[in-house]
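Visitor: The structure under discussion is supplied below as C-alpha cells; questions concerning it will follow.
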C-alpha cells in the first residue's frame with residue numbers, strides 16, 4: 385500500500401529528536417527547522433491553525449530551556465501521529481519549581497502520594513487561574529480557568545508570567561513529568577489535529 | 692531597540708528587532724519606561740519587524756502597560772503578524788491592549 389507523502393500511516397508514528405543548546409541565539413533557526421519537519425507531514429495549507437499553535441508551543445518550550453532548566457542542553461522530541469503532534473522537551477536540569485512558592489501542597493520531587501489530586505496554584509489574577517494538578521508522584525498537568533475580561537484598568541490585577549499559560553492554551557494536553565531516578569524533566573505537549 | 696516618532700496624539704515606538712524574546716525583554720521594558728517618564732504616555736508599539744514574541748517579552752509589555760496606566764496613559768500594539776495576532780487572541784491580550792492592524796490616525 386502506498387501512502388501519499390503527506391499522509392501519516394495510522395500505525396507508524398514518525399519521531400525525530402532535535403538538540404537545543406539552551407541558547408536563545410539559536411532558538412529561531414531551530415524553531416524553523418522543527419516547523420519545516422512538521423510541515424512535511426502536516427502541510428500548512430491544510431493545518432495552518434494547528435501549526436501556529438505548534439510554533440508557539442515550541443517557542444515557549446525553548447524559552448523554558450534557556451530561562452529555567454539551568455543545564456547546557458535540552459532535547460525536543462517531535463512525534464507525529466495520524467491525528468496528533470506531540471512535542472516533548474527533556475533535560476536533566478532543574479526540576480519544576482515556582483519562584484517564591486510557599487503555598488500548599490509543597491513542591492518537592494517526588495511528590496507525596498498524599499497530594500495526588502490536589503491543585504498547586506501556579507498563579508492567579510483577575511482574568512485567569514492556572515493550576516497544576518498532581519496526577520501522581522512524578523506528574524503534574526496544567527489546567528487554566530478563565531474569567532471574562534470586562535475592563536482593564538490600573539485597578540486590575542494582571543500577572544506578567546505567560547509561559548505555562550501559553551503552553552496550556554495552545555495544547556490539548558500539557559503536563560510535566562519528573563523522573564527522580566534519572567533526574568530527567570519532561571514537558572509534554574499534545575496537539576490534536578482533528 | 693526602539694525607533695520613536697510623534698504621530699498626532701500618540702507616540703509610535705517601532706521595534707527594531709526581529710525576535711521579541713527573553714534576551715531583549717528587559718531592555719524593551721527599560722526603554723519604554725523612559726518614554727513614559729518623558730511624558731509619552733500614549734504609545735503604540737509597532738511590531739512590523741517582529742517575527743515572533745515569547746512569554747518573557749509579553750510579560751514586559753504588560754508591565755509597561757501597568758506603569759503607563761499608573762501615569763494616566765495607555766499602550767497599544769500595531770502591525771502584528773498572523774502568528775503574533777493569533778497569540779494575542781488566544782491568551783486574550785487583545786482584550787488587554789488595543790490592537791491595530793496599521794498605525795491608527797488617532798489613538799482613541
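Residue numbers (the working numbering), protein chains in the order written: chain A, 385 to 578; chain B, 692 to 799. All residues carry an ideal CB built from backbone N, CA and C; glycine is no exception.
State the CB to CB distance for the pair residue 756(B) and residue 727(B), rounded to an integer number of angstroms; the pair is presumed to be in contact (CB under 8 Å).
Guide: Going by Cβ atoms, the distance from residue 756(B) to residue 727(B) rounds to 10 Å, so no, they are not a contact pair.
Visitor: Buried or exposed for residue 386(A), please, with buried defined as at least 16 other CB atoms from any protein chain shown within 10 angstroms of its CB.
Guide: Its pLDDT being 41, under 50, residue 386(A) is placed unreliably in this model, and the value from its coordinates should be taken loosely. It counts as exposed.
Visitor: Return helix, strand or coil for residue 702(B), following the three-state DSSP convention.
Guide: Residue 702(B) falls in the strand class under three-state DSSP.
Visitor: Is residue 567(A) helix, strand or coil when you go by DSSP?
Guide: In this structure, residue 567(A) counts as coil in the three-state DSSP scheme.
Visitor: Output the boundary residues of the alpha helix (DSSP H) element that contains residue 432(A).
Guide: That run of the alpha helix (DSSP H) goes 428 to 452.
Visitor: Which value, in whole angstroms, describes the spacing of the CA atoms of residue 533(A) and residue 765(B)?
Guide: Cα-Cα distance, rounded: 17 Å.
Visitor: Tell me which residues share the same chain as residue 707(B) and place their Cβ nearer than 8 Å to its Cβ, disregarding the 5 neighbours each side in the sequence.
Guide: The answer, listed in chain order, is 692, 693, 694, 740.
Visitor: Answer yes or no: do residue 791(B) and residue 767(B) have a C-beta to C-beta separation smaller than 8 Å?
Guide: Cβ atoms of residue 791(B) and residue 767(B): closer than 8 Å.
Visitor: Report buried or exposed for residue 403(A), applying the criterion of at least 16 other Cβ atoms within 10 angstroms of its Cβ.
Guide: The residue is exposed, with fewer than 16 neighbouring Cβ atoms inside 10 Å.
Visitor: Whose C-alpha, out of 466(A), 421(A), 470(A), 427(A), is nearest the C-alpha of residue 445(A)?
Guide: Nearest of 466(A), 421(A), 470(A), 427(A) to residue 445(A), Cα basis: 470(A).
Visitor: Under 8 Å between the Cβ atoms of residue 753(B) and residue 482(A)?
Guide: No; because the gap between Cβ atoms is not below 8 Å, this pair is not in contact.
Visitor: If residue 398(A) sits next to residue 425(A), beta carbons under 8 Å apart, how far is it from one beta carbon to the other, in whole angstroms?
Guide: Yes, they are in contact, since the Cβ atoms of residue 398(A) and residue 425(A) sit about 6 Å apart, within 8 Å.
Visitor: Applying the 10 Å Cβ sphere with the 16-neighbour rule, what's the burial state of residue 396(A)?
Guide: Classification of residue 396(A): exposed, given that the 10 Å Cβ count is below 16.
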